[in-house]
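The structure appears below as structure tokens.
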Amino acid sequence: MAVLHTLPVHTGQAGNLTVFEKLLPGDVKRAFFIENVPADQQRAMHGHRLAHLALLCLRGNCQVYVKNATSETTHALKNPAQCLHLEPGDWHILEHFSPDALLMVLSTQYYDPSDYFGEKP
Numbered sequence: 001m002a003v004l005h006t007l008p009v010h011t012g013q014a015g016n017l018t019v020f021e022k023l024l025p026g027d028v029k030r031a032f033f034i035e036n037v038p039a040d041q042q043r044a045m046h047g048h049r050l051a052h053l054a055l056l057c058l059r060g061n062c063q064v065y066v067k068n069a070t071s072e073t074t075h076a077l078k079n080p081a082q083c084l085h086l087e088p089g090d091w092h093i094l095e096h097f098s099p100d101a102l103l104m105v106l107s108t109q110y111y112d113p114s115d116y117f118g119e120k121p
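Take 1 as the starting number for the sequence shown in this note's numbering and just add one per residue.
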């Protein structure tokens, strides 16, 4: 089941430091960014068999629809201190991107097409 975390933010005269640690099991093996998504477009529409994902909207905002065998939710990512943890089995859609949105995705697995499933649970 997807879990929305609020990351600790340390503020000071020199700016803000937002910390991401100890949220995903194992190591982060892959990172990628999604940007310049037209407002009417959806992305992802899949889930993972093994990978845990951390989604952080570093700039702008977007929504993440998540469905698994037991629940269905929508999360709004509106600031870089929010981190959505998707677990294996969480089928998801990324949508409603603001024009300036920059979404970073961290994965516990390297890219492997066999880890993906397209059918909604």
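Cβ atoms here follow ideal geometry from the backbone N, Cα and C, with glycine treated the same way.
Taking all protein chains in view, the Cβ of Y65 is crowded by 16 or more other Cβ atoms within 10 Å, so the residue is classified as buried. Assignment of S114 by DSSP, reduced to helix, strand and coil, places it in the helix class. The way I'd put it, the segment 43-59 does touch the segment 99-111; three or more beta-carbon pairs between them come closer than 8 Å.
About 6 Å separates the beta carbons of P80 and L56, which is inside the 8 Å limit, making them a contact pair. For N16, the enclosing beta strand (DSSP E) begins and ends at G15 to T18. Shown here, V37 sits in coil according to DSSP, grouped into three states, outside any helix or strand. Closest in C-alpha terms to K22, from the list T70, M1, L7 and A101, comes L7. Separation of D40 and F97 (C-alpha to C-alpha, rounded to the nearest whole angstrom) is 8 Å. C-alpha of Y111 to C-alpha of F32: approximately 11 Å in a straight line.
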